[in-house]
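Visitor:
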Ligand SMILES: Cc1ncc(COP(=O)(O)O)c(C=O)c1O
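Protein chains in written order, with this note's numbering: chain A, 3 to 453; chain B, 115 to 598.
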């Protein structure tokens, strides 16, 4: 298939090795199990495979064929043509991790620029070269805090308004560590925007408090009191961000966050059914040596020319092995490049424009929908970015089902993760949604609502 | 030539892409949350395109030449994968869409699970893990929960051979285990005597890479696995080297309990300059219910005129989620495309040609480069990059000199048990001519090492930059661009 060997080549090679046939290469494999008959289909030609994959893809509805209002951690933004054109350069996507700096300056400079852009966007001092996604970055934030306090602080508080999947992944990562308790996201502590009940749980045992900005419900909350309380107790604060919101909203770095992380998918990465995405991770200078993952730094070569290299590698698994700050090796390099190109291309003005469009359209949608009889915006007294919660007169699952007749994906059913939000729908609006689309959703909702 | 950073290329007032003006009534962003300054660069589209094109040209890549980076399986990445994974029906699907709107995606994931089970000989597969190390973490957490559920909480140790990749001990430590090092014997196999002594009631499991990082198939693999099993432990297989085994032997048949599979190695998904990868985890029957939540399953069987209904299933004893959403779906589409183009015969051909290429290359350079474990290799081999009569020459110098010959250097200084290791993995996609050219360069360098060692010490001579000052980078720590 993709092997260039002619029969004559094989003959030459076998002779050089000193064996007669290819099978002789495998005599060390236990004979009983050697050369199993795999139950797989026969191989396809490229033409056949292309057709088959196209027909599989066509069996899906997508945001190209359905009007989508689902967000909940992944957002359908417009990706300019430049991003993918550049990603498709073989020099970028068929290279490995830049372990040989002399012939990897392209990748290294791109990561250096990525780190810089993330710092500017979040208001933090140092960003790493990426984690797998927002959820695993959340887990890495908890691990960082655990190590920062040398295992002495064992209580980690997660706001209930942090993405439920992030919280689940944090718990999975920490399940081997019996000393640690993950608290703060129980129904009793709740989802009140005041954060009072969460703040009340911060104490001298607390290693980290994690909140989200905008939170899972799209709310923009003033975390200054929470950060102050955490810092007074000596705890760290990690803020999960939606990077798009930082086009118009004050970055967490400016209000004292110690760790800012999040899902970087909105920065020029296609939805692609959930991945590959991009785990953003940034810290203050105080935590620089505790950060896990790769870091690129500036230096010079032996002729004094500016050059970039991987640096502070003594934190990483290939040097430190079981004492490493994380096991991460392969990260999301190409996705970090996508976001670097995206942010460079949109720049100050374009990125602010996208952020503002999301804000404006979401507010129009919220106003239109909550004006429908029986529909109410939950948390309407709290500012929000591009996602909001609507309580409908009927179970969200039914409503979503009914909207499908209009080719509308109406949002995310919150009752699955939040029993207290029965009949509630999380609706996301990006710059790709036009006013007419919102009006369409509005009209469809009126038609499907019956008492 | 030095390329300025995007910040240095910025000029106030430029904008690379524009967006429509708002078509809804304007509302104010509350002043207390309004960002004061957004210090992003400002460039025109052409500036951005030239900048990234120019820096791309400072990279070496598979598409430019031979990349024998041991343990990384830098095989050719078929272009059709890049087309299929970007089909709008895949690329524009939201991970939280209702299941009946994504039957194509779920079918693809289900089928890939089935294929990986069949190829590696296991009973269940999770496609969730994002990379090899993430698969390891998943697998070790499964080991942890399996023992905990049986009340076997005194099993606190994971054995790691001294030849293992750094992610193995790191993943074990992250899962709360004590890491115990296991030596190799003189033939590069697991030292059976040392293993026997460590097989006690504290043993939770063993992480074994086979073929190991020396490129050697462990001659006692079934005995090793049996020993661990009879002591009540589980055996984790680091599947980084599965390329050598496709259609040759199934790790599950050998008795492995868990294994991760690197789609970004064996199944040709590109490395992307460091990622994304994809590290599905496969498990034996007793562990299927421990897989990360959810897996893809057939929810309603099909009939004559209806295909089955695919959906999410929730393993009863699951360790939980290890990642948001559905894993690296875009990588799954590439791997699916690749496997469907190979079929059973094609897969075996991959393993055969990768092992043939490695043994051929080894035969060409053997007498000149010392082979510490003198055995037939699998898909890669490790030689020493040093000679008694060339003092001052290290594997590092040889690696850098190879750049002058337009090759990517092999992996060096790994595995740790070989002095001045050069780990060479040619992969199956390379031709006889390429292997010959590389062998010639290796042989020439061996001569240069004696006759003109400075040529090696000062290499590379024709790369975009020369040897970089890593000490300075770590000391002065410039981790972000100055603004213009
Ligand atoms: C033997 C071995 N194990 C594990 C890994 C880790 O895999 P990943 O980089 O995908 O996390 C590697 C990757 O380089 C490897 O070579």
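Quick reminder that beta carbons are idealized off the backbone N, C-alpha and C, glycines included.
Alpha carbon to alpha carbon, what distance is there between residue 375 of chain A and residue 600 of chain B?
Guide: Here chain B covers residues 115 to 598 and nothing more, so residue 600 of chain B does not appear.
Visitor: Just to confirm my understanding: we take residue 368 of chain B, look at its own chain, exclude 5 residues before and 5 after, and list those with CB closer than 7 Å. What are they?
Guide: Contacts found: 335, 336 and 339.
Visitor: Is the beta carbon of residue 218 of chain A sitting closer than 8 Å to the one on residue 163 of chain A?
Guide: A contact, by the Cβ cut-off of 8 Å.
Visitor: Give a yes or no on whether the C-beta atoms belonging to residue 96 of chain A and residue 191 of chain B are separated by under 8 Å.
Guide: Yes, the Cβ-Cβ distance between residue 96 of chain A and residue 191 of chain B is below 8 Å.
Visitor: Is it right to say residue 626 of chain B is buried, meaning 16 or more other beta carbons lie within 10 angstroms of its own, or is it exposed?
Guide: Past the boundaries of the shown model lies residue 626 of chain B; chain B is included only from 115 to 598, so the question cannot be answered.
Visitor: In chain order, what residues of the region 230-261 of chain A put their CB closer than 9 Å to some CB of chain B?
Guide: Listed in sequence order: 248, 249, 250, 251, 252, 253 and 256.
Visitor: Would you mind listing the alpha helix (DSSP H) stretches within the region 310-363 of chain B that are 4+ residues and don't spill past its ends, in chain order?
Guide: Whole alpha helix (DSSP H) segments, 4+ residues: 335-344.
Visitor: Would residue 184 of chain A pass as an interface residue toward chain B - the criterion being a Cβ-Cβ separation below 8 Å?
Guide: No, residue 184 of chain A lies away from the interface with chain B (no Cβ there is under 8 Å from its Cβ).
Visitor: Which residues bound the beta strand (DSSP E) around residue 183 of chain A?
Guide: Its beta strand (DSSP E) spans residues 183-185.
Visitor: Residues around ligand 1, please: the condition is that the C-beta lies closer than 6 Å to some non-hydrogen atom of it.
Guide: Taken from the N-terminal end onward, the list reads A:331, A:332, B:185, B:186, B:245, B:246, B:247, B:279, B:281, B:323, B:327, B:352, B:354, B:376, B:391 and B:393.
Visitor: Cβ closer than 9 Å: which chain A residues qualify as neighbours of residue 380 of chain B?
Guide: Near residue 380 of chain B there are no residues of chain A at all, since even the closest Cβ is about 13 Å away, more than 9 Å.
Visitor: Taking C-beta to C-beta, are residue 309 of chain A and residue 298 of chain A nearer than 8 Å?
Guide: No, they are not a contact pair.
Visitor: Per DSSP, residue 393 of chain A is paired with what?
Guide: According to DSSP, residue 393 of chain A bridges with A:378 and A:426.
Visitor: Alpha carbon to alpha carbon, how far is residue 153 of chain A from residue 470 of chain B?
Guide: Using only the alpha carbons, I get a separation of about 50 Å.
Visitor: Kindly indicate the opening and closing residues of the beta strand (DSSP E) around residue 271 of chain B.
Guide: Counting along the chain, the beta strand (DSSP E) containing residue 271 of chain B begins and ends at 271-275.
Visitor: Touching or not, the region 505-524 of chain B and the region 312-325 of chain B, by the rule of three or more beta carbon pairs under 8 Å?
Guide: The region 505-524 of chain B vs the region 312-325 of chain B: no contact.
Visitor: Pick from A:245, A:89 and A:425: whose alpha carbon is nearest that of residue 135 of chain A?
Guide: Selected option, being the one with the closest Cα: A:245.
Visitor: Report the neighbours of residue 375 of chain B on chain A: residues whose CB is nearer than 8 Å to its CB, in chain order.
Guide: Simply none; closest approach about 13 Å.
Visitor: Look up residue 87 of chain A in the DSSP assignment and say whether it is helix, strand or coil.
Guide: Residue state, collapsed to three classes: helix.
Visitor: Are the C-beta atoms of residue 273 of chain B and some chain A residue less than 8 Å apart?
Guide: False, the Cβ-Cβ gap to chain A never drops below 8 Å.
Visitor: Measuring only between beta-carbons, confirm whether residue 303 of chain A sits less than 8 Å from chain B.
Guide: Closer than 8 Å to some Cβ of chain B, the Cβ of residue 303 of chain A qualifies, so yes.
Visitor: Which residues in chain A sit within 7 Å of residue 188 of chain B, going by Cβ to Cβ distance?
Guide: Per Cβ cutoff of 7 Å: 98.
Visitor: I'd like to know if the region 253-261 of chain A and the region 227-238 of chain A are in contact, where contact means that at least 3 CB-CB pairs between them fall below 8 Å.
Guide: Yes: the two stretches touch, three or more of their Cβ pairs being nearer than 8 Å.
Visitor: Fully enclosed by the region 145-215 of chain A, which alpha helix (DSSP H) runs are 4 residues long or longer?
Guide: Qualifying alpha helix (DSSP H) stretches, in chain order: 166-175 and 198-201.
Visitor: Could you list which residues in chain B have their beta carbon closer than 7 Å to that of residue 188 of chain A, in chain order?
Guide: Near residue 188 of chain A there are no residues of chain B at all, since even the closest Cβ is about 17 Å away, more than 7 Å.
Visitor: Taking 8 Å as the CB-CB limit, is residue 135 of chain A close to chain B?
Guide: Yes, contact with chain B.
Visitor: Applying a beta-carbon distance threshold of less than 8 Å, which residues of chain B neighbour residue 437 of chain A?
Guide: Here the neighbours are 137 and 138.
Visitor: Which same chain residues, not among the five before or five after residue 456 of chain B, have their C-beta less than 8 Å away from its C-beta?
Guide: Around residue 456 of chain B: 463 and 464.
Visitor: How about residue 2 of chain A: is its C-beta nearer than 8 Å to some C-beta of chain B?
Guide: With chain A covering 3 to 453 only, the question about residue 2 of chain A has no answer from this structure.
Visitor: Could you give the first and the last residue of the continuous alpha helix (DSSP H) run that contains residue 498 of chain B?
Guide: Note, residue 498 of chain B: premise wrong, no alpha helix (DSSP H); beta strand (DSSP E) at 495-498.
Visitor: How many Å lie between residue 102 of chain A and residue 389 of chain B at the Cα?
Guide: The alpha-carbon atoms of residue 102 of chain A and residue 389 of chain B are separated by roughly 16 Å.
Visitor: Nearest CA to the CA of residue 6 of chain A: which residue from B:325, B:546 and B:205?
Guide: Checked all of B:325, B:546 and B:205; the closest Cα to residue 6 of chain A is B:546.
Visitor: Do the CB positions of residue 65 of chain A and residue 208 of chain B come within less than 8 Å of each other?
Guide: Yes, the pair counts as a contact, with Cβ atoms nearer than the cut-off.
Visitor: Shorter than 8 Å from the beta carbon of residue 90 of chain A to some beta carbon of chain B?
Guide: Judged by the 8 Å Cβ criterion, residue 90 of chain A is in contact with chain B.
Visitor: By a C-beta neighbour count over all protein chains shown, 10 Å radius and 16 as the cutoff for buried, is residue 481 of chain B buried or exposed?
Guide: Exposed is the call here.
Visitor: Might you give, ordered along the chain, the residues of its own chain that have their beta carbon closer than 6 Å to the beta carbon of residue 565 of chain B, omitting 5 neighbours on each side?
Guide: No residues qualify anywhere along the chain.
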